[in-house]
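Worksheet: one structure, shown below.
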Amino acid sequence: MNNEGLSRMPETGLGVSALALSRGGRDILTGLSFSLEPGTALMLRGPNGAGKSTLLMALAGLLDPRAGRIDHTGVDLEAPKYGHLHYVAHAPAIKSGLSVAENLKFWVDVLAGAPVDIGAALSQAGLGELGGIDAGLLSAGQTRRLALARLIAVRRPLWLLDEPTSALDAAGAMWVGALISDHLRRGGLAVIATHLDIAVDGNVKSLQLRGSAQ
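For what it's worth, my numbering labels the leading residue of the sequence shown as 54, then goes sequentially.
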């Protein structure tokens, strides 16, 4: 697909070297190394407990490594720390009692601090007619779409996604694949923990995790 007309992401790379991660005093991952260039997606595979979510948390700066290094290259050192990435956890951070639009606006205010067309982002997420309703009334699939809508509303070069197709039907999973494909065409990076195949166009790599037996 032609990249003409697409706004490019700032060129950001990601490198992991001899990484060891522990939680609750137990080693989860040891000796993990990989590097990613702009325009690449890395699919994290492995059974429950293999360390997929733990690795995403470490890449997002939410968990300190026990050993090894995580390097984010091409990052503006004057910008807020980790201001170049999105981390969308498996559990959608959506608040009932607030409308769909208010939930997205909350994340925009936290992540961007600048005006964003909330309605346009919701429309691209397939929620354009639902902006005014209580987010607690959404289906599980719609809630997942709302959690991912921040990726559209606030452009950041590195996406860390934990089971982004969870609760989505086939059409929703295709939408996620198209969203990630578009991000890669713009020069973005994505690291995705998933049990399911996601149809993504572009440079896609796979990493099988086996926990501390890595």
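For glycine and all other residues, C-beta sits at the position ideal for the given N, C-alpha and C.
Between the alpha carbons of Arg239 and Leu95 lies a gap of roughly 16 Å. Annotation: the continuous alpha helix (DSSP H) that includes Val153 extends over 153-164. Taken through DSSP and simplified to helix, strand or coil, Asp235 comes out as helix. Nearest neighbour of Gly181 by Cα position, chosen from Val161, Phe159, Trp160, Ser152, turns out to be Ser152. DSSP places Arg197 outside any beta strand (DSSP E); the residue lies instead in the alpha helix (DSSP H), whose first and last residues are 193-206. Fewer than three Cβ pairs drawn from the segment 171-189 and the segment 245-257 lie within less than 8 Å of each other, which leaves the two stretches out of contact.
Using a 10 angstroms sphere on the CB of Arg79, the tally of other CB atoms stays under 16, which defines it as exposed. CA-CA distance, Ala193 to Pro145, rounds to 9 Å.
Counting the other Cβ atoms within 10 Å of the Cβ of Ser88 gives fewer than 16, which makes it exposed. One Cα belongs to Val161, the other to Thr83, and the distance between them is close to 35 Å.
When only Cα atoms are considered, Ala188 and Ala223 end up about 22 Å apart.
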